[in-house]
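Here the sequence shown is numbered in our numbering, starting from 66 and rising by one per residue. Every residue gets a Cβ at the ideal spot worked out from N, C-alpha and C, and that includes glycine. Here's the structure, in structure tokens; my notes come after.
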Amino acid sequence: MDNIEEARAWARRQRSRGDSVALVPTMGALHRGHLALVEEAQRRVERVVVSIFVNPLQFGPMEDLARYPRTWEQDWERLASLGTDAVFAPSVDVMYPNGPALTRVNVEPLSGVLCGRTRPTHFQGVATVVSKLFNILQPDVAVFGEKDWQQLAIIRRMVDDLNFPVSVVGVPTVREESGLALSSRNQYLTDDQKTQATALYRGLATARDRYRAGERRREPLRQIVLDVLSGAGIEPEYVELVHPDTLAPAPDILDGPTLLALAARLGKARLIDNVILGRS
Numbered sequence: 066m067d068n069i070e071e072a073r074a075w076a077r078r079q080r081s082r083g084d085s086v087a088l089v090p091t092m093g094a095l096h097r098g099h100l101a102l103v104e105e106a107q108r109r110v111e112r113v114v115v116s117i118f119v120n121p122l123q124f125g126p127m128e129d130l131a132r133y134p135r136t137w138e139q140d141w142e143r144l145a146s147l148g149t150d151a152v153f154a155p156s157v158d159v160m161y162p163n164g165p166a167l168t169r170v171n172v173e174p175l176s177g178v179l180c181g182r183t184r185p186t187h188f189q190g191v192a193t194v195v196s197k198l199f200n201i202l203q204p205d206v207a208v209f210g211e212k213d214w215q216q217l218a219i220i221r222r223m224v225d226d227l228n229f230p231v232s233v234v235g236v237p238t239v240r241e242e243s244g245l246a247l248s249s250r251n252q253y254l255t256d257d258q259k260t261q262a263t264a265l266y267r268g269l270a271t272a273r274d275r276y277r278a279g280e281r282r283r284e285p286l287r288q289i290v291l292d293v294l295s296g297a298g299i300e301p302e303y304v305e306l307v308h309p310d311t312l313a314p315a316p317d318i319l320d321g322p323t324l325l326a327l328a329a330r331l332g333k334a335r336l337i338d339n340v341i342l343g344r345s
């Protein structure tokens with residue numbers, strides 16, 4: 066499906082049959098992480114629709130919109146192999162027929178922390194396009210990856226604040242054997258950079274192990290990650306411990322589940338990763 070009318074008609078047909086619908090929003094360049102989202106959606110509902118749309122609103126002026134990987138034929142084959150019920154792949158002109166949307170969805174202050182400090186309009190673009198997809202397809206369930214935890218937290222808050230009748234589901238991060246989180250932007254990495262990038266999860270996992278051993282002080286846990294990254298020659302954009310829902314800074318002594326998140330640039334790639342400390 067490549068137009069809004071067709072997508073709405075498909076969604077209406079599913080509801081008329083009494084089938085529940087899950088949406089898996091993507092920008093394409095699909096990998097095993099995306100397929101895990103589809104499989105989780107299929108376990109929860111009768112019908113699954115995957116959207117593929119490289120959304121210009123969530124790219125800054127100096128970011129990689131023009132070179133973001135576009136692999137439509139490969140994406141289609143992968144989704145077909147899973148028995149995906151429908152794919153909504155609109156053009157920019159279809160989603161924004163009057164040019165860039167004048168109406169934007171801001172979820173503050175969640176959008177201005179962590180990745181939002183260096184990508185100030187990114188999450189505004191994400192929330193705006195996801196709200197449009199919710200309005201077009203009216204899913205019962207929407208499935209997102211936990212690798213983009215800040216995005217997940219923002220969408221959950223948007224759904225609560227705007228009363229979207231959608232259940233938002235997070236799926237654990239899928240990783241390579243090395244621990245590197247799967248990402249479409251991993252295609253930008255050289256072999257040497259891929260090896261170097263394994264330090265991201267290694268640092269997070271080392272801090273998580275220390276937490277499980279009883280460490281509750283925020284700064285020593287953060288320093289563990291910084292030391293591992295430094296040893297690999299990586300200068301992070303940030304390493305922070307925050308509340309998983311509000312993204313507010315964690316207290317000096319952790320007193321509940323805490324998001325340990327980081328971002329770093331390696332060559333042409335900006336990579337993010339996270340773990341939750343204290344999650345049962």
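Problem - Between the CA atoms of residue 268 and residue 292 - distance to the nearest angstrom - result: 8 Å
Practice task
Tell me whether the beta-carbon of residue 205 lies closer than 8 Å to the beta-carbon of residue 81.
Solution key: no
Problem - Residue from 187, 144 and 219 whose Cα sits closest to the Cα of residue 312 - result: 219
Handout entry: C-alpha gap between residue 77 and residue 71, whole angstroms
Key = 10 Å
Exercise for the section: List the endpoints of the continuous beta strand (DSSP E) containing residue 112. Expected result: 112-117
Exercise for the section: Could you tell me the distance, in whole angstroms, from the CA atom of residue 191 to the CA atom of residue 122? Expected result: 7 Å
Handout entry: Neighbourhood of residue 223 by C-beta, 6 Å cutoff - its chain only, sequence neighbours within 5 removed
Key = Same-chain partners within the cutoff: 172 and 192.
Exercise for the section: Would you list the one or two residues that DSSP bridges to residue 342? Expected result: 323
Practice task
Measure the alpha-carbon distance for residue 339 versus residue 266 and round it to whole angstroms.
Solution key: 8 Å
Handout entry: Contact the segment 98-118 vs the segment 139-150: 3+ CB pairs below 8 Å
Key = yes
Practice task
Please go through the same chain and pick out, in chain order, the residues whose beta-carbon is closer than 6 Å to the beta-carbon of residue 233, but skip the five residues on each side of it.
Solution key: 207, 220, 221 and 224
Practice task
Identify every residue that forms a DSSP beta bridge with residue 88.
Solution key: 114 and 207
Exercise for the section: Report the rounded CA-to-CA distance for residue 227 versus residue 89, giving the unit in angstroms. Expected result: 20 Å
Problem - Alpha-carbon to alpha-carbon, residue 155 and residue 161 - result: 10 Å
Problem - DSSP-derived helix/strand/coil call for residue 80 - result: helix
Practice task
Put residue 181 into one of helix, strand or coil per three-state DSSP.
Solution key: helix
Handout entry: Simplified DSSP assignment, three categories, for residue 286
Key = helix
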